[in-house]
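The next block holds one structure in the form of structure tokens; read it before the comments.
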């Protein structure tokens, strides 16, 4: 596990299909300060390509991605 | 440092060239499209309107602006079933009765099978947690997706403003308004 990452907020997006995970994460990231990290948990396989695309477009940074079976965990740093 | 070969006139020439370049860059900046998505929702099919809402809400999530211009078969989908339109002529009444009254009544473009297919798709969407059209509209409103409704289509089919949905950012307009938005948009779609 990523003990060294300080998580400010966790978004449980399990079971949500497109476009909900991206919509929710775009809202959620605005609830923390610049430089802070949120954790987003999804089960939508599409989010593996959607989240990086969202991060690049919105100017935020995915610092780590973990996959455990169907569950995907993104650690996202607010940089925009 | 100073080169004796460069005279005061050369410097003045350079200065005016820089000013010219600067004004050209400013003009180009104005022409640059912004991170905006402009969409024509021409279709009145459930599947296509769903796609339109998914893209529009996704665009806002990506940090873009999103504009949806509902026209022709797309307009009846924005009627509010609960609202009473009042007096209408016979043709308007016919169109009003035959076309879907709101997002709840739109049908699949394929495999509708007299409504069975659409009902099956809706129950499948519920099971798989896919947002319904009504939920998508609510989300679009919350995210600030702007909706334009084609005045000409409404007039043609006899729809009145009083029977259209309540939506925070709704504008009744014509093609010029859409083009003004589309001109400055990086993405334009016709659905």
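Residue numbers (the working numbering), protein chains in the order written: chain B, 21 to 100; chain L, 224 to 414.
No residue lacks a Cβ here, since even glycine has one placed at the ideal position from N, Cα and C.
Cα atoms of residue 57 of chain B and residue 68 of chain B: separation of roughly 18 Å, rounded to the nearest angstrom.
Assigned with DSSP and collapsed to three states, residue 36 of chain B falls in coil, not helix or strand. Proximity of residue 281 of chain L to chain B, defined by a Cβ-Cβ separation below 8 Å, is satisfied. With contacts defined by Cβ atoms closer than 8 Å, residue 372 of chain L and residue 280 of chain L do not form a contacting pair.
Taking the Cα positions, residue 257 of chain L is about 29 Å away from residue 300 of chain L. Here the alpha carbons of residue 290 of chain L and residue 364 of chain L stand approximately 11 Å from one another.
Between the beta-carbon of residue 296 of chain L and that of residue 265 of chain L there is about 6 Å, and that keeps the pair under the 8 Å contact cut. Annotated three-state conformation of residue 45 of chain B is helix, per DSSP. Annotation: residue 71 of chain B to residue 282 of chain L spans about 13 Å, alpha carbon to alpha carbon.
Distance from the Cα of residue 414 of chain L is smallest, within the candidate group L/396, L/336, L/271 and L/348, for L/271. In terms of Cα proximity to residue 35 of chain B, the closest of L/259, L/242, L/358 and L/349 is L/349.
Among the residues of chain B, those whose CB is under 9 Å from the CB of residue 286 of chain L are 46, 74, 77, 78, 79 and 100, following chain order. Using beta-carbon distances, residue 37 of chain B counts as an interface residue toward chain L, with a partner under 8 Å. For residue 52 of chain B, the nearest beta carbon of chain L is not closer than 8 Å to its own beta carbon.
8 Å or more divides the Cβ of residue 326 of chain L from the Cβ of residue 347 of chain L. In the DSSP assignment, residue 97 of chain B falls within the beta strand (DSSP E) that extends over 91-97. Chain B places a beta carbon closer than 8 Å to that of residue 351 of chain L, counting this residue as a contact.
For residue 411 of chain L, the uninterrupted beta strand (DSSP E) segment begins and ends at 408-413. Non-local beta-carbon contacts of residue 73 of chain B in its own chain, meaning distances under 6 Å to residues more than five positions away in sequence, are absent. Note: residue 314 of chain L is not bridge-paired with any residue in the DSSP secondary-structure output. Here the alpha carbons of residue 352 of chain L and residue 94 of chain B stand approximately 21 Å from one another. Beta-carbon to beta-carbon, residue 315 of chain L and residue 381 of chain L are separated by about 2 Å, close enough to satisfy the 8 Å threshold. Excluding five sequence positions before and after residue 48 of chain B, the CB atoms of its chain that fall closer than 8 Å to its own CB belong to 29, 31, 58 and 60, given in chain order.
CA-CA distance, residue 409 of chain L to residue 248 of chain L, rounds to 19 Å. According to the DSSP secondary-structure assignment, residue 88 of chain B is paired through a beta bridge with B/91. Rounded to the nearest angstrom, the gap between the Cα atoms of residue 262 of chain L and residue 100 of chain B is 26 Å.
Using a Cβ-Cβ cut-off of 8 Å, residue 368 of chain L does not count as an interface residue toward chain B, since no Cβ of chain B sits closer than that to its own. If you look at residue 345 of chain L, you'll find it in the alpha helix (DSSP H) that goes 339-350.
By the neighbour-count criterion, in which 16 or more other beta carbons inside 10 Å mark a residue as buried, residue 239 of chain L falls on the exposed side.
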